[in-house]
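Take a look at the structure set out below.
In structure tokens form, the structure reads like this:
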């Protein structure tokens, strides 16, 4: 992973004009993905070669209904391709192929409960945690996959 002072150092101004609430390295690439206010869109950055410390903007991954949504929670994986799992609410969860900016998965859910966090368990499964503590598991092999709520511990 990335280590402050070894891999990057912010002396003045930083690399983004927006607040960065979450920063994730995309495994097996030179890419970073960030999210933060004012909306739920994602910014994709490229870290320059080893002899340079430049981080440059590559693209933006727009999300549906990005305006007015809380900032997106993000997780990355490079299983079949470099993917970012992102969303601010259960009904906005998606997986986007980072380099092509192509949507490869959308959660089949109508619940707009806000997310506290999300993560890939492996290349086929993601787990989502809602603000009220509910956990959901997604099989991301299905492009419009249903979310399976996990039972609360007794």
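In the working numbering, the protein residues as written are 65 to 218. Glycine residues also receive a C-beta, built at the ideal position from the N, C-alpha and C atoms.
| Asked | Found |
| --- | --- |
| Looking only at its chain, what residues have a beta carbon closer than 6 Å to the beta carbon of residue 200, apart from the 5 residues adjacent to it on each side? | 192, 211, 213 |
| According to DSSP, simplified to helix, strand and coil, what is residue 117? | coil |
| Do residue 143 and residue 187 count as a contact pair if the criterion is CB distance below 8 Å? | yes |
| I'd like to confirm the pairing. Which residues does DSSP put opposite residue 146 in its beta bridges? | 142 |
| Counting only the same chain and skipping the five closest in sequence on each side, list residues whose C-beta sits under 6 Å from that of residue 107. | 98, 124 |
| Name the DSSP beta bridge partners of residue 203, please? | 189 |
| May I ask which residues mark the beginning and end of the beta strand (DSSP E) holding residue 164? | Element bounds for residue 164: n/a, residue is neither H nor E. |
| With 16 as the cutoff for other CB atoms within 10 Å, does residue 146 come out buried or exposed? | buried |
| Check residue 123 in the structure and name its three-state DSSP category. | strand |
| So the beta strand (DSSP E) residue 109 belongs to, where does it begin and stop? | 106-111 |
| Helix, strand or coil: how does DSSP classify residue 156 here? | helix |
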